[in-house]
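Residue numbers (the UniProt record's numbering), protein chains in the order written: chain A, 1 to 272; chain B, 1 to 265.
Structure first, then comments.
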């Protein structure tokens, strides 16, 4: 299972929050090859968002290390090696849609004509051509999230980190954006780390699904998604799709996703 | 903009302002009528027509005096507001400084600063505009400080995370996130400060000042029982205060044009 080039390498990462002495992550090891689409899935509190932030050098691991393209995570952040999308679009109200997408390009010191050209390309990519002069609050939630994706992709980072980007959207919008994201991913050949709550979303999008279990957060299992690409609406009706969804669900259940709090505590006790 | 669009806009403006205009005319008319009807003494409440006449007759002294006081208010407003914003930036940036100074600043905000007016007149030359600027400045300082600070701190944590993901330093985060977020708060406080500045200057002058100043004029007119002229002076002070407020409101419209609810004065 060695990929030709490793983009992200997580080795022995543990994260303890001093407040409440919570072990958010315990001894996480994970390698991501170039062009992979990896989903991190698990119940709340399993540390999936924390793992994403450790990869992005937004949270310092207590021990262990992360390398991105052979560099330390900190160096990678300083070099702006990745783009990030959050559950909320996190757009700036005082900037128009175009200006929001331009933000990372401004920080990279691109000149104005170059920025303008790229913004036009990005608007076309997320199908928002004509909305460049709108302000974020004039757009629907789904459109705002597309702007946020366009902003993350504007400088063509090789790595895209996504923290439940479609979590706040309705099912129909979510499914449409899933398809859009896949087509963008295929066009740009980037590597994606995608945090989600939704099993079907994880299976539908990913090349691999990493199932995480809570308290302490650790990897419960990794499911290879061998669905044929390019994926489409029909993929969701493929029998293999259901098998994989079941496989992920079993892994989650085994690790106590639906346990009551006291049962969870008991499980955590066994683990410790 | 086409001519028809312009007419449309002015009709809309007229419709917005019409209710306030009607009420204002009714109040002034009622005032004028009530004095005649109830035979109210001139020194208790002069007729609006008499005040208007005094405004016209004494225009040569009232307006220059108003301008003198307005300059004091403006100086204090500029000084106090700038210091308030600057102080807020320092407090927001250095948490320790904030922890040490904010309780004092909040306490200071609750002090009736206007009570210090006679003392300021003693500290500075009461005949110079500096003493009034100082009062106006201190009055403006606290609301601007408190509001600006709240604005700088009301940034969503994810916005900071996003900026850090782009390897932004503190200065970039201030320039691109914190200050734009604080801008509506700053303008709200500047509108409050614009009113306070005029109050500070006029009341400061009640405790002594140059004979060129409006506050001194109002006070001396009241002392010789020339209440009509005193009222005319108050009208001048009000007009100038409203002018300063409107100037800030217009600046707000220009700088905070993006805000979803930024349409009301």
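Beta carbons are placed, not taken as given, at the ideal position from N, Cα and C, and that holds for glycine.
The alpha helix (DSSP H) with residue i in it runs from where to where?
i: residue 179 of chain B; result: 179-206
i: residue 98 of chain A; result: 97-107
i: residue 167 of chain B; result: It is not in any alpha helix (DSSP H) - residue 167 of chain B carries neither H nor E in the DSSP assignment.
i: residue 146 of chain B; result: 129-153
i: residue 25 of chain A; result: Where residue 25 of chain A is concerned, there is no enclosing alpha helix (DSSP H), although the beta strand (DSSP E) it sits in stretches over 22-33.
i: residue 204 of chain A; result: 199-205
i: residue 220 of chain B; result: 214-223
i: residue 144 of chain A; result: 141-153
i: residue 48 of chain B; result: 48-57
i: residue 45 of chain B; result: Looking at the DSSP string, residue 45 of chain B is not in any alpha helix (DSSP H), and its letter there is neither H nor E.
Give me the Cβ distance between residue i and residue j, rounded to the nearest whole Å; I'm assuming they're in contact under 8 angstroms.
i: residue 28 of chain A; j: residue 161 of chain A; result: Contact flag wrong, Cβ pair sits at about 15 angstroms.
i: residue 58 of chain A; j: residue 164 of chain B; result: 6 angstroms
i: residue 38 of chain A; j: residue 192 of chain A; result: 7 angstroms
i: residue 150 of chain A; j: residue 123 of chain A; result: 7 angstroms
i: residue 81 of chain B; j: residue 193 of chain B; result: 5 angstroms
i: residue 144 of chain B; j: residue 189 of chain B; result: 4 angstroms
i: residue 90 of chain B; j: residue 146 of chain B; result: Not a contact, Cβ separation roughly 14 angstroms.
i: residue 190 of chain A; j: residue 159 of chain A; result: 7 angstroms
i: residue 14 of chain A; j: residue 64 of chain A; result: 6 angstroms
Restricting to Cα atoms, I'd like to know which of the options is closest to residue i.
i: residue 12 of chain A; options: A:26, A:21, A:20; result: A:26
i: residue 182 of chain B; options: B:118, B:67, B:75, B:84; result: B:84
i: residue 177 of chain A; options: A:127, A:135, A:5; result: A:127
i: residue 88 of chain B; options: B:179, B:169, B:127; result: B:179
i: residue 45 of chain B; options: B:7, B:235, B:228; result: B:228
i: residue 205 of chain A; options: A:226, A:220, A:219; result: A:226
i: residue 69 of chain B; options: B:10, B:253, B:198; result: B:198
i: residue 102 of chain A; options: A:88, A:89, A:117; result: A:117
i: residue 176 of chain B; options: B:160, B:185, B:115; result: B:160
i: residue 123 of chain B; options: B:90, B:33, B:134; result: B:134
i: residue 195 of chain A; options: A:100, A:228, A:86; result: A:86
i: residue 88 of chain A; options: A:179, A:228, A:203, A:168; result: A:168
i: residue 257 of chain B; options: A:19, A:247, A:94; result: A:94
i: residue 74 of chain B; options: B:209, B:191, B:98, B:115; result: B:191
i: residue 266 of chain B; options: B:210, B:247, B:251, B:220; result: This structure cannot speak to residue 266 of chain B, because chain B is shown only from 1 to 265.
i: residue 110 of chain B; options: B:230, B:142, B:51; result: B:142
i: residue 80 of chain A; options: B:168, B:53, B:243; result: B:168
i: residue 22 of chain A; options: A:62, A:32, A:158, A:240; result: A:62
i: residue 148 of chain A; options: B:158, B:147, B:148; result: B:158
i: residue 291 of chain B; options: B:132, B:146, B:25; result: Residue 291 of chain B cannot be examined here, being either before or after the span of chain B that is shown, 1 to 265.
i: residue 171 of chain A; options: A:250, A:198, A:139, A:82; result: A:198
i: residue 69 of chain A; options: A:40, A:246, A:34, A:125; result: A:34
i: residue 41 of chain A; options: A:163, A:238, A:234; result: A:163
i: residue 170 of chain B; options: B:213, B:129, B:41, B:92; result: B:92
i: residue 166 of chain A; options: A:142, A:158, A:157, A:152; result: A:142
i: residue 7 of chain A; options: A:253, A:66, A:131, A:145; result: A:66
i: residue 99 of chain B; options: B:219, B:149, B:115; result: B:149
i: residue 18 of chain A; options: A:52, A:60, A:130; result: A:60
For residue i, I'd like the list of residues in its chain whose CB is within less than 7 angstroms of its CB, leaving aside the five on either flank, ordered along the chain.
i: residue 195 of chain B; result: 241, 245
i: residue 46 of chain A; result: 212, 213, 214, 217
i: residue 77 of chain A; result: 56, 57
i: residue 105 of chain A; result: 115, 118, 154, 155
i: residue 281 of chain A; result: Lying before the first or after the last residue shown, residue 281 of chain A is absent from chain A, which here runs from 1 to 272.
i: residue 49 of chain B; result: 32
i: residue 231 of chain A; result: 182, 204
i: residue 28 of chain B; result: 48
Return the first residue and the last residue of the beta strand (DSSP E) that residue i is part of.
i: residue 208 of chain A; result: 208-213
i: residue 122 of chain B; result: Residue 122 of chain B -> not in any beta strand (DSSP E); alpha helix (DSSP H) instead, spanning 117-123.
i: residue 16 of chain A; result: 6-17
i: residue 129 of chain A; result: No beta strand (DSSP E) contains residue 129 of chain A, which DSSP labels as neither H nor E.
Name the DSSP bridge partner or partners of residue i?
i: residue 82 of chain A; result: A:159
i: residue 193 of chain A; result: A:38, A:161
i: residue 222 of chain A; result: A:210
i: residue 66 of chain A; result: A:10
i: residue 71 of chain A; result: A:68
Can you give me the Cβ contacts of residue i inside the same chain, cut-off strictly under 6 angstroms, excluding the 5 residues immediately before and after it?
i: residue 173 of chain B; result: 163
i: residue 267 of chain B; result: Chain B is shown only over 1 to 265; residue 267 of chain B falls outside these bounds and no answer can be derived.
i: residue 72 of chain A; result: none
i: residue 134 of chain A; result: 97
i: residue 217 of chain B; result: 65, 233
i: residue 204 of chain B; result: 117, 132, 135
i: residue 247 of chain B; result: none
i: residue 265 of chain B; result: A caution first: residue 265 of chain B carries a pLDDT of 38, below 50, which makes its placement in the model unreliable, though a value can still be read off. So the qualifying residues of the chain are 249.
Closer than 8 angstroms by C-beta to residue i: which residues in its own chain qualify, once you throw out the five before and the five after it? Chain order, please.
i: residue 255 of chain B; result: 183, 187
i: residue 248 of chain A; result: 41, 199, 202, 203, 209, 211, 223
Between residue i and chain C, is the shortest Cβ-Cβ distance under 7 angstroms, so that the two count as touching?
i: residue 24 of chain B; result: Included in the structure are the protein chains A and B, with no chain C among them.
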